[in-house]
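**Student:** Please read through the structure below; I'll follow up with questions.
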Amino acid sequence: MSRITFKLVFFVMFFLLSCKENNDIDIVGNYEIDKVIVKNQTNNISDYRFLKIYANNTFELNYNKKDTIAQVKGIWKLKRINSEKTLVEFVYNNKKIEGVLDGTIFYFTYPNDFHNGKYESILYVKLNNVPN
Numbered sequence: 334m335s336r337i338t339f340k341l342v343f344f345v346m347f348f349l350l351s352c353k354e355n356n357d358i359d360i361v362g363n364y365e366i367d368k369v370i371v372k373n374q375t376n377n378i379s380d381y382r383f384l385k386i387y388a389n390n391t392f393e394l395n396y397n398k399k400d401t402i403a404q405v406k407g408i409w410k411l412k413r414i415n416s417e418k419t420l421v422e423f424v425y426n427n428k429k430i431e432g433v434l435d436g437t438i439f440y441f442t443y444p445n446d447f448h449n450g451k452y453e454s455i456l457y458v459k460l461n462n463v464p465n
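Just remember that the working numbering sits 333 ahead of the position in the sequence shown, which is counted from 1.
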């Protein structure tokens, strides 16, 4: 009897996990700029090196890890999800930009960046073991 119960519990757990939607928890975390391609050399806007994404659908941009006050705050929402990539919309200061999350890397391409067109492309990589 216990073997049948074990199989039933295992089947139910497997079924529930396979039905799980791709939810926000995969996006939540801290990201840091890794690579950039500069488009506009004369744009002197400071780089927001750190992107912090919270489970309550808010985000912050900071110049460095030690910043206690965010330079930019806004909200984010999922626009489109497929098995490989997720399109995320960021809204802040009456602006909207979109980034593509591919695994643990956010890609932003001109004109969708937080730096007013400074970059042709920029990517933020998720940091490991960093509490939110």
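Using N, Cα and C, we set each Cβ at its ideal position, and we do this for glycine too.
Since the structure is predicted, the reported quantities are computational estimates derived from the model, not experimental observations.
Could you name each continuous beta strand (DSSP E) segment of 3 residues or more that falls completely within the region 402 to 439, going from the start of the chain to the end?
**Tutor:** Those beta strand (DSSP E) runs which fall completely within the region 402 to 439 and span 3+ residues are 405 to 414, 419 to 425 and 428 to 435.
**Student:** Tell me whether the region 357 to 367 and the region 440 to 451 touch, counting them as touching only if at least three CB pairs, one residue from each stretch, are closer than 8 angstroms.
**Tutor:** With a cut-off of 8 angstroms, the region 440 to 451 and the region 357 to 367 do not count as touching, because too few Cβ pairs lie within range.
**Student:** Quick check on I314: does DSSP put it in helix, strand or coil?
**Tutor:** Any property of residue 314 remains undetermined from this structure, which presents the chain solely from 334 to 465.
**Student:** Could you tell me which residues DSSP puts in a beta bridge with N395?
**Tutor:** For N395, which the question treats as bridged, DSSP gives the partners F383.
**Student:** F439 to V424, Cα distance in whole Å?
**Tutor:** If you take the alpha carbons of F439 and V424, they lie about 16 angstroms apart.
**Student:** Write down the C-beta distance between K468 and V405 rounded to the nearest angstrom, noting that I regard them as a contact closer than 8 angstroms.
**Tutor:** Limits of the chain in this structure are 334 at one end and 465 at the other, which puts residue 468 out of reach.
**Student:** Using a Cβ-Cβ cutoff of less than 6 angstroms, which residues in the same chain neighbour V369 once the five nearest sequence positions on both sides are dropped?
**Tutor:** Y452 and I455.
**Student:** Taking only three categories from DSSP, how would you classify I337?
**Tutor:** I337 falls in the helix class under three-state DSSP.
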